[in-house]
Structure formats: structure tokens, C-alpha cells
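Data first, discussion second: the structure below is written as C-alpha cells.
In the working numbering, the protein residues as written are 57 to 322.
Below is the structure:
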């Protein structure tokens, strides 16, 4: 299959996951870009994480702009959280520049796998917690912003997997939790992208890959071409999904992405 066509198709998928699950692109795009940019050798994981940050920023920005103002109002007064998410995002991007590629790759797989085990084992996501929460605001503690941002940008996963779980366990339905994940992902991915674009690399042109900083611009363009029309269309006419089935679909997608990352790496 033509690489551009493959990336366009994956872009359609990332647009869908951005609206339905708050995944700005990281979980879906990182394994694909690792596979597409194998000519870069050990640098493929670094380029995948950097390129996914472009997709996450643009997707999350468009999705946030189309989100109901009442839902976004749950983040009112959370400037401290947003600031720490941004600081963590920048720190994680810097750390990713110096980390071994294998650490990023297997850290990604390990984190997704651990998340799946967590949501299956503990109540609050797939089944109600013993003490039900009464959702009135976005309950991600301010202090959690720094580690969430750092882990998300280091692994290229965005912030959705961390924030959606916390919001869901706070009692929010999946529709609200995934909608709030987009502005939080935007806070993480924007400074991370700035760091990635500023990185000077000696691998430009390797295997025909055109890089700006550490970003594969061709892959980013193809992914966004597929994603953006889907985000606009789904925001205008969002599908109505049963909350329990919605949560299980989220877990299934995590499992699929973890397997894809292993397959493209081994």
C-alpha cells in the first residue's frame, strides 16, 4: 500500500479517536510512524513521538474549538493545572531527545499495557466505584499536571489516557471525560511540539524522510489531511454511544494500539 494513502487512512482514524476518545493522535500515530520511518533506524521512535505531537496539537485544537462551552467550563479556574501540564510537556520532550529509542518504544508498550490492567482490575472506569462521585468539575489535581505532562510527551501518547481515566473515576460520563481530554492534551502537546521543532538532528533526509526539527512533515501532513474533516463532521453530528459500551471500546482500542506497537517494533 502507498505510504501516503496509509497515513491518510490512519489520519481518518485519529480524527475519529480525537472526537470519541480524546486521543489527539499519539496512541494511534506513534506505532504507525515507527513502522513507516524504519529507514531512520534507532531514530524512528524519536521522530514518531515528535510527529505525533504535531497531529495532537492540531487535532486537539480543532476538537476543543468545537466542544460545548458548558463542558469546557468545568476547567474554569484550573490555570495551575494547565500550566503544570505545559511545563511537564516541555520537560518530557527534552527528555525524549536524550533517551534511548528502545526506552521510548517499550515504555510506550509498558504504559499502555499497565493502563489496560489498571482499568480492568480497579473499579471506577468499567464499573462503578464503591463510593460514587458526584461530578461537578474536572477533578484532576493540580499537582498531577507535571508528571502527566512529562510522561505524555516523553512517550508521545498525549494526555488523554491519563486524564480520561482520572475524570472517569471522578464520576464523569465518557462523553464529558473524553471531551475534556482535548484541551488538556493541547496544554501538554503545544510546548512539547515547540521543543521538538527546535531540535537539530543529523538524520534529515535519511531514507527520503523530510524532517523539520525531529518532525516528519510529510507524515504529519498526510495524517492531518485525513483527520481534520472527520473531526469537523463528528463534532457537528456526534454519535450517541451507551456509556458502558463506550468505556469498553476505549479499553479495546488501547489493547489494539499496544499490539500494533509491538508488531511494528519486533
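Built from N, CA and C at the ideal position, the CB exists for glycine as well.
Here DSSP, grouped into helix, strand and coil, assigns residue 267 to strand. The criterion of a C-beta distance shorter than 8 Å is satisfied by residue 144 and residue 244. DSSP places residue 58 outside both helix and strand once states are collapsed to three, so it counts as coil. Restricting attention to 220, 108 and 182, the CA atom closest to the CA of residue 234 is found in 220.
Judged by pairs of C-beta atoms under 8 Å, the stretch 286 to 297 does not touch the stretch 264 to 274, as fewer than three such pairs exist. When C-alpha distances from residue 207 are compared across 297, 139 and 164, the shortest belongs to 164. With 16 or more other Cβ atoms inside 10 Å of its own Cβ, residue 79 counts as buried. The residue from 63, 267 and 124 with its alpha-carbon nearest to that of residue 236 is 124.
The Cβ atoms of residue 168 and residue 76 do not sit closer than 8 Å to each other.
Beta-bridge pairing by DSSP links residue 272 to 267.
Rounded to the nearest whole angstrom, the C-alpha separation of residue 313 and residue 129 is 31 Å.
Of the residues 222, 251 and 240, the one whose Cα lies closest to the Cα of residue 152 is 251. Annotation for residue 174: the continuous alpha helix (DSSP H) segment containing it runs 157 to 177. The Cβ neighbour count for residue 154, taken over all protein chains shown within 10 Å, is under 16; the residue is labelled exposed.
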